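Q: Residue numbers (our numbering): -15 to 199.
Don't be surprised by glycine CBs; every beta carbon is placed ideally from N, CA and C.
In this text, all values refer to a predicted model and were calculated from it rather than measured experimentally.
Structure representation (structure tokens):
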């Protein structure tokens, strides 16, 4: 089985510079899956990312991974047109997908499992009423009970997905900014990448087994 490295929630240009170290590590993998919210196009636009010194450094690290090994880009709720935006930022064509399947492993960003993100006009509401539509990680410092509740709803929906899709032995998500591994009674697994802004974590998959990696 190939070695797979996956991470999510870089939120470029707000990413920790530790991602540069992580990118060097990821280059050793056979496949790297960037599992959504690679860019933060809710808080800024492509031009602002281009003009950001940190943004350019992070994009250089991202480009290094793309040129070194096979990469897959999964779209998140902060970058629904990820491929188009990366193509503009990097100067060569990059494709993105809403989800990715590799054998019996499934990859989705995770906002599809978040009730708050199912609102028909979520992006607009993040502008006019941001307090009510912040990502789960936003509650981590303000209200830990609220944070646990939001993550609990997402994980419950993820477990339901696994129960209804026996083909999937491992589902990998992001979105919550909370790195964790969970095993169901069905011997299926849920892996949460965490993020590259706070926990600085990702997931390594070898022989179908997932492991949380942190810097």
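1) Please list the terminal residues of the continuous beta strand (DSSP E) segment that includes residue 49.
2) Quick one, which of -4, 84, 94 has its alpha-carbon nearest residue 38's?
3) Look at the alpha carbon of residue 74 and the alpha carbon of residue 29, and state the distance between them as a whole number of angstroms.
4) Between which residues of its own chain and residue 83 is the CB-CB distance below 6 Å, once the five residues before and five after are set aside?
5) Please list the terminal residues of the continuous alpha helix (DSSP H) segment that includes residue 68.
6) Is the beta carbon of residue 137 closer than 8 Å to that of residue 69?
7) In its own chain, which residues sit with a C-beta less than 8 Å from the C-beta of residue 79, not counting the 5 before and 5 after it?
8) Does DSSP classify residue 4 as helix, strand or coil?
9) For the alpha helix (DSSP H) containing residue 33, name the first residue and the last one.
10) To the nearest angstrom, report how far apart residue 150 and residue 142 are at their CA atoms.
11) Once DSSP output is grouped into helix, strand and coil, what is the label at residue 168?
12) Measuring CB to CB, does residue 21 end up less than 8 Å from residue 158?
13) From residue 155 to residue 94, what distance separates their C-alpha atoms?
14) In whole angstroms, what is the alpha-carbon distance linking residue 111 and residue 162?
15) Would you decide whether residue 144 is buried or exposed? Buried here means 16 or more other CB atoms lie within 10 Å of its CB.
16) Residue 6: buried (16+ other C-beta within 10 angstroms of its C-beta) or exposed?
17) Check this for me: beta carbons of residue 42 and residue -1, under 8 Å apart or not?
18) Would a C-beta distance cut-off of 8 Å place residue 180 and residue -7 closer than the cut-off?
19) Report the rounded CA-to-CA distance for residue 171 versus residue 25, giving the unit in angstroms.
A: Reading it off the structure:
1) Careful: residue 49 lies outside any beta strand (DSSP E), inside the alpha helix (DSSP H) at 37 to 52.
2) It is -4 whose Cα lies nearest to the Cα of residue 38.
3) When rounded, the distance between both Cα atoms is 14 Å.
4) Cβ within range, chain order: 92.
5) Counting along the chain, residue 68 sits inside the alpha helix (DSSP H) bounded by residues 66 to 74.
6) Residue 69 places its beta carbon 8 Å or farther from that of residue 137.
7) The beta carbon of residue 79 lies closer than 8 Å to those of 57, 67 in the same chain, with the five residues before and after it left out.
8) Looking at residue 4 - three-state DSSP - the assignment turns out to be helix.
9) It spans 30 to 34 - the alpha helix (DSSP H) in which residue 33 sits, taken as one unbroken run.
10) For residue 150 and residue 142, the distance between alpha carbons rounds to 13 Å.
11) Here residue 168 sits in coil by DSSP.
12) With respect to residue 158, residue 21 sits close: the two C-beta atoms are nearer than 8 Å.
13) Taking the Cα positions, residue 155 is about 10 Å away from residue 94.
14) At residue 111, the pLDDT of 49 sits below 50, so the modelled position is not reliable and the matter cannot be decided from this model.
15) With fewer than 16 other Cβ atoms inside 10 Å of its own Cβ, residue 144 counts as exposed.
16) If you draw a 10 Å sphere on the C-beta of residue 6, you find 16 or more other C-beta atoms in it, and that means buried.
17) In contact: residue 42 and residue -1 (Cβ atoms closer than 8 Å).
18) Closer than 8 Å, so yes.
19) Computed Cα separation, rounded: 37 Å.
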